[in-house]
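In the working numbering, the protein residues as written are 11 to 488.
Below is one structure; the comments refer to it alone.
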Ligand code: URP
Ligand code: ZN
Ligand code: ZN
């Protein structure tokens, strides 16, 4: 009998803390040996001259998400998995969204049913849009089932929660040992700005960015942090777009609050200028928060290096450019307000972050691994993911750090008809992706069985613990 099902041979292993030349032996889907030289047994992947890193962990992906208007995001669990593998990502946390006025349970069942076609390992963030007493009573069961994080939106009409509702969700999370992620933008300010822009005849896609400048995000970020401090429960601020927003997180961290920050490739590689492409083309880049000016990219890398931003996720949220479910679902002559937000990025995430970060000398390969795999796994309690260690899941990406590639939509292998990163030149590219010891992508060819992805049930973990500091010694969460 072979000692190993798979040996990844001769590569340079990069973890969040170390770099070493070693072989990796895999058995039963786990890493069982890391040694200078392992004997030949089972299948071999030759990684001489290549980096071997933990498979990407993308903790912010909208996959097959159901919208209140009855539409479903175009990427299914199967197509999103293919896209993830093409880009070196092996696990993801996506979203199960509550519809206002409805219980969570039946909708969550539908997400679980749809996720049965996944090939990547996955978990869910439960989006809570309507934290009534009845809905709060559902949350213990949801957490017990392994969904240990919630997302709340401080803006967007069908999803928005007001401050009191934010507090109700934060308090429930504290009681349950769950972690809350927050979309921080000021709902009323965006509504006001949108009305004023449209009244002035400013309706084109580029005005999406004008309707929600950084101050709108900064204010909500400050408020979310203050509300989390009041309840004394940790949060992650999602998709930070600019340094002035990250500065709020820096201040919170300096004060010892348990606040983490996430950014995304769109805030490191796209700008508000993209939304000014002619005609309807600007819609391809519309997401919230909006990409900012080009000079912001360097400031954001500064925040990443300072450790203010801990995670780089994709916020993959695909709407095709063409078609009835796509960006033009309400027509192409509608104001920016009626164009769906979100851009696809599952496959592009690692290549863009590696190229802009490591290849351009802004971060080290170890920092790359921390930002794209280890930190997200640790923050969300994905034990066994995001690291290369004996006993960890054998989720690996074999990476050519020198390979130059021009990004095209075909390379993304998703169900969306465009990529906002079309034409961007990257240095660094995944040559093989291994999920629990199975080679699921090699040389760009994805091969995995639909349904082979596993649901990652997340149990209690220490990061969600409160600090034990509440005003006047009174814990409002009970
Ligand atoms: O524009 C975006 N980011 N769409 C996805 C939903 C969200 O806010 O994360
Ligand atoms: Zn969001
Ligand atoms: Zn999102």
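C-beta atoms are modelled at their ideal positions from N, C-alpha and C, and glycine is treated no differently.
An exposed status is given to residue 27, since fewer than 16 other beta-carbon atoms sit within 10 Å of its beta-carbon. Taken in chain order, the whole beta strand (DSSP E) runs of length 3 or more contained in the region 82-142 are 99-107 and 131-137. In this structure the region 409-419 lies against the region 428-441, because at least three pairs of beta carbons, one per stretch, are closer than 8 Å. The beta carbons of residue 156 and residue 468 sit closer together than 8 Å.
The closest CA to that of residue 424, considering only 327, 29, 187 and 147, is found on 327. Rounded to whole angstroms, the gap between the alpha carbons of residue 35 and residue 407 is 14 Å. In this structure, residue 72 has its beta carbon less than 7 Å from a heavy atom of ligand 3. Under DSSP, the beta-bridge partners assigned to residue 414 are 437. The C-alpha of residue 171 lies about 7 Å from the C-alpha of residue 140. Of the candidates 302, 340, 300 and 248, the residue whose Cα lies closest to the Cα of residue 290 is 340.
Leaving aside the five residues that flank residue 175 on each side, the residues in its chain whose CB is nearer than 7 Å to its CB run, in chain order, 141. The residue among 295, 277 and 348 with its C-alpha nearest the C-alpha of residue 313 is 277.
Where residue 35 is concerned, there is no enclosing alpha helix (DSSP H), although the beta strand (DSSP E) around it starts and stops at 33-37. Counting along the chain, no beta strand (DSSP E) covers residue 336, and no H or E run does either.
Annotation: residue 282 is outside any alpha helix (DSSP H) and is labelled neither H nor E by DSSP. Uninterrupted alpha helix (DSSP H) stretches at least 4 residues long and entirely within the region 205-281 occur at 217-221, 224-241, 253-264 and 276-279, given in chain order.
At the C-beta level, residue 359 and residue 97 come within 8 Å of one another.
In this structure, residue 465 places its C-beta atom within 8 Å of the C-beta atom of residue 125. Annotation for residue 104 indicates a beta carbon at 7 Å or more from all heavy atoms of ligand 3. For ligand 2, the residues with a Cβ under 6 Å from any of its heavy atoms are, in chain order, 193, 248 and 249.
In the same chain as residue 372, and ignoring 5 residues on each side of it, the C-beta atoms closer than 6 Å to its own belong to 311, in chain order. Contact check for residue 199 against residue 251 fails: the beta carbons are separated by 8 Å or more. Residues of the same chain with a CB within less than 6 Å of the CB of residue 243, apart from the 5 flanking positions on each side, are 180, 183, 184 and 476 in chain order. Taking the C-beta atoms as reference points, residue 101 is found nearer than 8 Å to residue 130. If you draw a straight line from the Cα of residue 280 to the Cα of residue 158, it is about 32 Å long. For residue 68, the uninterrupted beta strand (DSSP E) segment begins and ends at 66-68. Membership of residue 378 in the alpha helix (DSSP H) is indicated by the continuous run 375-379. Secondary structure at residue 384: helix, using DSSP grouped into helix, strand and coil. Counting C-beta pairs with one atom in each stretch, the region 315-329 and the region 375-387 have three or more that are closer than 8 Å, which means they touch. If you check the CB distance, residue 137 and residue 107 come in under 8 Å.
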